[in-house]
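Number of protein chains: 2
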Amino acid sequence: MTSHSTIMVKKFGGTSVGSIERIEAVAARIAKNVANGEHPVLVASAMSGETNRLVQLAHDVNPSYRGPAYDMLLASGEQVSISLLAMSLEKHGLKAQSYLAHQLGIKTNSIFSKAKIQSIDSDKLKSIINNGIIPVIAGFQGVTDGDRITTLGRGGSDTTAIAIAAALGAKTCEIYTDVPKVFTADPRLIPKAKEIESLDFKEMMEMASLGSKVLHFRCVELAAKFNIKIHLRSTFEEREGTWIMHKEQSMENPVVSSVTHDPSTCVIKLFPAPFGSKFLAGLFEKLSESGCVVDIITQSHNDQGQRLAFSVREEDRLKAAEVAGELVKDGDIEVLDNLAKISVIGVGMANNPGVAARFFRTLDATEAKVHLVTTSDIKISAVVDKSSLDRVAIALHTEFGLDKSSV
Amino acid sequence: MTSHSTIMVKKFGGTSVGSIERIEAVAARIAKNVANGEHPVLVASAMSGETNRLVQLAHDVNPSYRGPAYDMLLASGEQVSISLLAMSLEKHGLKAQSYLAHQLGIKTNSIFSKAKIQSIDSDKLKSIINNGIIPVIAGFQGVTDGDRITTLGRGGSDTTAIAIAAALGAKTCEIYTDVPKVFTADPRLIPKAKEIESLDFKEMMEMASLGSKVLHFRCVELAAKFNIKIHLRSTFEEREGTWIMHKEQSMENPVVSSVTHDPSTCVIKLFPAPFGSKFLAGLFEKLSESGCVVDIITQSHNDQGQRLAFSVREEDRLKAAEVAGELVKDGDIEVLDNLAKISVIGVGMANNPGVAARFFRTLDATEAKVHLVTTSDIKISAVVDKSSLDRVAIALHTEFGLDKSSV
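Quick mapping for you: the protein sequence lines, in order, are chains A and B.
Each residue of the first sequence is one higher than the last, beginning at 1 in our numbering.
Each residue of the second sequence is one higher than the last, beginning at 1 in our numbering.
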């Protein structure tokens, strides 16, 4: 490695370091990168299954505990994987050192289990790199000003990688995972789903919000903020993956880049509901306190009173109905289940006013019953019967030209 | 807890925190201690089996690696156990916090895997205690001035506990383990072995040097240095264990307090060996480099030349003979195996000149063949045939009055 090497932040997920053999394979790949003139800066998750094992231990000891000891416990998973990866790199003759969050000054706020990164000691990191050392950094963890270990929540290691790239002024961050590319839709649902070459940050953020597990919202949001291109690719293949980046708007952009779905949705309907935002504030506060995640909310009223409908995850439906029942004494509460949410996403939508019409015409043509709708400037979502999900998804994928081989 | 609570450092070993149930039992016991006016300061090892699991992972990845990443890996074991113990204490309504070495400024030198504690931030620790918090401290680990994690070697958690007690100016340190007391001998070898109420630091150090696994040498050495009484006791029983402390020398002290043995010893004999300390220095340097642990060394010479004999562990005998063979070209090298070392230990010996005579008379009466002998002011060791070990040990135990019920 020389001072002319290109610094490249590379993040490896749990399956990528899930066994001794896989750690070995990652190290071999890094050795090739170094031979090709890169100076890698590595971020790793815990070995797959390890975080779940630790969560289970915590649950067995004290299911209600959340706080510093819980985060310290979970942070041990990354400590193991980065140590092993550093040792494996040394076997390949590379100078590598493992680093925990506190050793690189990865400072966060004090919201345990959901902490947010506030700063990184980039001078320390740069001096490590200038000394020719490959840093192997624990993802998912940080440290408070008071020197307590925090964790960043699910997907936190991706966020760590982007934050490290930002601290180093890098233009790109590679995120290695177990899929080769992002797809236009879930291939299990839509056999004609195609691989996507590139996506706009906004599209990826919508996909993350809509339940795509590929990248978490915060990681993409941070990458967008610092304009760091994410190269999402497979640990097990050499070829390019999907680029997530700022994309120029042009006529040639596809209007819709992906169709996503969430197969477990429920709708709660209240009628008549009390008028006024005070009631709404109280209702959604109580739902949040009881752990119900509310997604789409619609409200309307006519002569007979106010009509309120909102969607929740299937597992929250009974609790949500109970909470609503405590606040709505005189109205009816209806729970609709066996529903699914289907969405189309695309930055091209903003310049194409006809998308909503095409969306609903397709739903109509497939005789789908629409229960709730929500839109943003780059997506349209509808809650439909689960039984119609497949045919609606396939029809939308075709309608917006995603069956074609190049996207 | 009030400012009048007695601070008590308590160390729990791997079997004491080896499962969720055992962690729970430790927490329940601590809750009782607090109710009785103690302010506990806890030090814990990794859950039993965990350190071995991590060592195996390291071995699978890179068997030759030793350095910072190895120590970081091993240190994760204590991180898990202290987090779980702190969470369990919280369930009992106690205010507890887990602390890693770097969070308490447990500074060591930079000899990875065998680091020595140099200082502890006692102000930080005292302020935690003054805030009514029970600190749950990771044993076995430290941090260098350069902020790298180190580990202290086998038995390191005991050493951490004594160092913490010293930093707090405590007079006593409780070490909880899976045996109720130290015995006058191994009960599997000598059925009449008795429990010992108290031992002098020097006796315990000799026992540790002679292979007793109860406490490690460095821990006892540190306790002696700071005059901290060790109360070694069972996690699973309430009764008192064995006290290790400075003992006044008096006529009533038993001359010998224990009989220890090491069942796997070998002797290498060289004759004639080259004269001079240069040869000896070269030989023992080479043996050390090749990983052979040399125990007893004797040397004598007569008209025919110099005679050298030394003992090594059984597994090192072939390597030791090979090393010796490279340096002694013209002499004979003899390897004696199936040997065992038997020792008697007692601070009372120093004032009782007849002990050696009684020792050898007993060996003679049991017709034991003596191959090597070594003595210090408080112990006598002899290497005998393994076949005679049982009867020699039993006879010595009787001869020095250890069969009697009170020691």
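Virtual Cβ for every residue (Gly too), placed ideally from N, Cα, C.
A quick note: this is a predicted structure, and the numbers were derived from the prediction, not measured.
- Per DSSP, reduced to three states, the secondary structure at residue 165 of chain B is helical.
- Between residue 42 of chain B and residue 136 of chain B the beta-carbon gap is near 5 Å, inside 8 Å, which marks them as a contact.
- Around the CB of residue 275 of chain A, fewer than 16 other CB atoms lie within 10 Å, so the residue is classed as exposed.
- Residue 68 of chain A reaches chain B at 83, 86, 97 and 98, counting residues in chain order whose Cβ is nearer than 9 Å.
- Contact of residue 80 of chain B with chain A is assigned, a C-beta pair being separated by under 8 Å.
- Within the segment 135-154 of chain A, contact with chain B at the beta-carbon level (separation under 9 Å) is assigned to 136, 147, 148 and 149.
- Between the alpha carbons of residue 314 of chain A and residue 121 of chain A lies a gap of roughly 43 Å.
- What residue 293 of chain A touches in chain B, judged by beta-carbon distance under 7 Å, is nothing: the nearest beta carbon there is about 26 Å away.
- According to the DSSP assignment, residue 332 of chain B belongs to the beta strand (DSSP E) that extends over 332-345.
- Assigned with DSSP and collapsed to three states, residue 99 of chain A falls in strand.
- Under the DSSP assignment, residue 392 of chain A falls in the alpha helix (DSSP H) whose first and last residues are 389-399.
- Boundaries for residue 360 of chain A: no beta strand (DSSP E) harbours it, while the alpha helix (DSSP H) harbouring it runs 355-365, taken from the DSSP string.
- Rounded to whole angstroms, the separation of the alpha carbons of residue 211 of chain B and residue 40 of chain B is 31 Å.
- For residue 23 of chain A, a Cβ of chain B is located within less than 8 Å of the residue's own Cβ.
- Its chain contains 266, 268, 317 and 321 as the residues whose beta carbon lies nearer than 7 Å to that of residue 335 of chain A, once the 5 sequence neighbours on both sides are disregarded; these appear in chain order.
- The Cβ atoms of residue 74 of chain A and residue 30 of chain A do not sit closer than 8 Å to each other.
- At a Cβ-Cβ threshold of 8 Å, residue 339 of chain B and residue 194 of chain B do not count as neighbours.
- Note that the segment 135-155 of chain A touches the segment 105-112 of chain A; at least 3 beta-carbon pairs, one per stretch, sit closer than 8 Å.
- The contact set of residue 72 of chain B on chain A, defined by CB atoms closer than 7 Å, consists of 79, 83 and 98 in chain order.
- Taken residue by residue, none of the segment 24-49 of chain B has a beta-carbon sitting less than 7 Å from a beta-carbon on chain A.
- When Cβ-Cβ separations below 8 Å define contact, residue 249 of chain A makes no contact with chain B.
- In terms of CA proximity to residue 303 of chain A, A:273 leads the group A:370, A:273, A:388 and A:163.
- Neighbours of residue 57 of chain B across chain A, judged by C-beta separation under 8 Å: 20, 80 and 84.
- Against chain A, a Cβ distance below 8 Å from residue 62 of chain B picks out 87, 88, 90 and 91.
- Setting aside the 5 residues that flank it on each side, residue 228 of chain B is surrounded in the same chain by 162, 165, 166, 170, 171, 172 and 173, each with a C-beta closer than 7 Å to its C-beta; the list follows chain order.
- The C-beta distance from residue 344 of chain B to residue 380 of chain B rounds to 6 Å, short enough to fall under 8 Å.
- Among the residues facing chain A, residue 176 of chain B is not included, as its CB has no counterpart in that chain under 8 Å away.
- When the beta-carbon positions are compared, residue 196 of chain B and residue 183 of chain B come within less than 8 Å of each other.
- Per the Cβ contact rule, the segment 175-190 of chain A is not in contact with the segment 124-135 of chain A (fewer than 3 Cβ pairs under 8 Å).
- Here the segment 51-65 of chain A makes contact with the segment 73-90 of chain A; the two share three or more CB pairs at distances below 8 Å.
- Check the Cα spacing between residue 127 of chain A and each of A:114, A:262, A:383 and A:103: the tightest is with A:103.
- The CB of residue 103 of chain A comes closer than 8 Å to the CB of 147 and 148 in chain B, given here in chain order.
- Close CB contacts of residue 70 of chain A within its chain, under the 7 Å cut and outside five residues either way in sequence, are with 58, 112 and 113 (chain order).
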